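In our numbering, the protein residues as written are 73 to 500.
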């Protein structure tokens, strides 16, 4: 079984993959497709500020060279290259960015682990297919397709994050932190960083995440979201709206999951702003038609389950200046069942917190011989939850849950206590 098929079998859920959902991760995505980098005082690098919720900082484009000392003392050539990268960013880069994240989350047992993938995996995840060779046999991917992926990897490697202020949760308590680093780090089998090039990445790519993203994958700060594979596979130009809206809804549904309410109104002007689009002032009807076409496509492709306007009177469209009213109108977007089913464990966890103080934290005395792993597996299956759902509820990795269920490892006292609390709430 190839690495890609192994990845798809173990990790993809009904044509969805998992990606990070932290503020820095979402900020990087938006910075890539919206661009808008500028120069700030005391820094020659293309810069874009981050101001999302309780997270402040900036994203910079700083190409990777043999040493990162150029961050302090850059030369003219490197600075020029940085601005070229900033101008060349595309939605394909976001596709590769999400693909790296999805594969990383599916493979690792700890955040420092270096994983290996094939360059072709990234092409296949984008929905591209190898050309047919002789007699109908599969040939290979086109050289220009591989070049595009290598360019995206180079652009991703050039991103530098500096978080000046952020709040994460450690042991259930808010902690103010400062962080800086890259997004993904490309390292060889010896742990040495290397620059993306055709020579270094001819077939395989080895990488891990840097400390900024790693910090958001620990404990109660961990937050991942389901993303439809369609987001990676929509055409980066012809289906740009569909691609960007898919990502926005993925992020929004995950942030709404703890409240258990997915049918929150979405202001149209907010949706347009989120995908970097504006209303066509001369012919606003074109904007509306393109917007509705995008939602219809998402509906047909199963990315969303339904959509409709809320409190919008169609008669308004007959009057001059209707577009201002339309921009302030809202649409309700319903997620597909896979999204609601997966996030059900998050709702369960929230509702169960009030019960935890009243429940015992010792194993079921009536079944002292029953292994914790068996109890966990039986309870998970009875609730029809996936490994990923239970892992998120327990704030550990899916592979850790699997190993506990199979009694491959013995959980630490802290994790054991969490599991027992969870079981005592939901075990029947």
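Idealized CB from N, CA, C, for every residue including glycine. In this text the structure is predicted, and so the values were computed from the model without any measurement.
Secondary structure at residue 279: strand, using DSSP grouped into helix, strand and coil.
For residue 130, the enclosing beta strand (DSSP E) begins and ends at 127 to 133. Cβ-Cβ distances below 8 Å link residue 230 to 133, 134, 135, 136, 154 and 157 in the same chain, with the five nearest sequence neighbours on each side left out; the list follows chain order. A Cβ-Cβ separation of about 6 Å places residue 288 in contact with residue 92 under the 8 Å criterion.
A Cβ-Cβ distance of about 6 Å is found for the pair residue 170 and residue 299, placing them in contact under the 8 Å criterion. Just measuring C-alpha positions, the residue of 456, 200, 187 and 255 sitting nearest residue 282 is 255. Residues of the same chain with a CB within less than 6 Å of the CB of residue 462, apart from the 5 flanking positions on each side, are 452 and 473 in chain order.
In this chain, the beta strand (DSSP E) harbouring residue 241 covers 231 to 242. Around the beta carbon of residue 347, a 10 Å sphere encloses 16 or more other beta carbons of the protein chains shown; the residue is thus reported as buried.
Under DSSP, the beta-bridge partners assigned to residue 253 are 233. Per the C-alpha coordinates, the member of 111, 325 and 174 positioned closest to residue 152 is 111.
364 is the residue among 364, 388 and 385 whose C-alpha sits nearest the C-alpha of residue 378. Contact annotation: residue 239 and residue 126 have beta-carbon atoms nearer than 8 Å. Per DSSP, the continuous beta strand (DSSP E) segment holding residue 405 begins and ends at 402 to 406. Residue pairing for residue 258: DSSP places it in a beta bridge opposite 279. According to the DSSP assignment, residue 487 belongs to the alpha helix (DSSP H) that extends over 485 to 498.
In terms of Cα proximity to residue 332, the closest of 395, 414 and 381 is 414. 355 is the residue among 372, 384, 355 and 405 whose C-alpha sits nearest the C-alpha of residue 392. In the three-state scheme derived from DSSP, where H, G and I count as helix and E and B as strand, residue 315 is classed as helix. Taking the Cα of residue 116 as reference, the smallest distance to any Cα among 149, 98, 270 and 123 is reached at 149. Excluding its 5 nearest sequence neighbours in each direction, residue 319 has C-beta neighbours in its own chain below 8 Å: 101, 166, 170, 299 and 303, listed in chain order.
Taking each of 399, 368, 342 and 178 in turn and checking the Cα distance to residue 383, the smallest one comes out for 399. DSSP, reduced to helix, strand and coil, places residue 182 outside both helices and strands of the structure shown, so it counts as coil. Rounded to the nearest angstrom, the gap between the Cα atoms of residue 397 and residue 338 is 14 Å.
Using a C-beta cut-off of 8 Å, the stretch 171 to 182 makes contact with the stretch 268 to 283, since at least three inter-stretch Cβ pairs fall below that distance. In this structure, the straight-line span from the alpha carbon of residue 129 to that of residue 450 is close to 45 Å. Rounded to whole angstroms, the gap between the alpha carbons of residue 306 and residue 314 is 7 Å. Cβ contact annotation for residue 370 (same chain, cutoff 7 Å, sequence separation greater than five): 314, 317, 318 and 376, in chain order. Taking C-beta atoms under 8 Å as the contact rule, residue 334 and residue 90 fail to qualify, at a distance of about 18 Å. For residue 367, the CB contacts under 8 Å within the same chain, skipping 5 residues up- and downstream, are 317, 376, 379, 403 and 405 in chain order. With respect to the 8 Å criterion, residue 296 and residue 177 are classified as neighbours on the basis of their beta carbons.
Around the Cβ of residue 351, a 10 Å sphere holds 16 or more other Cβ atoms; the residue is buried.
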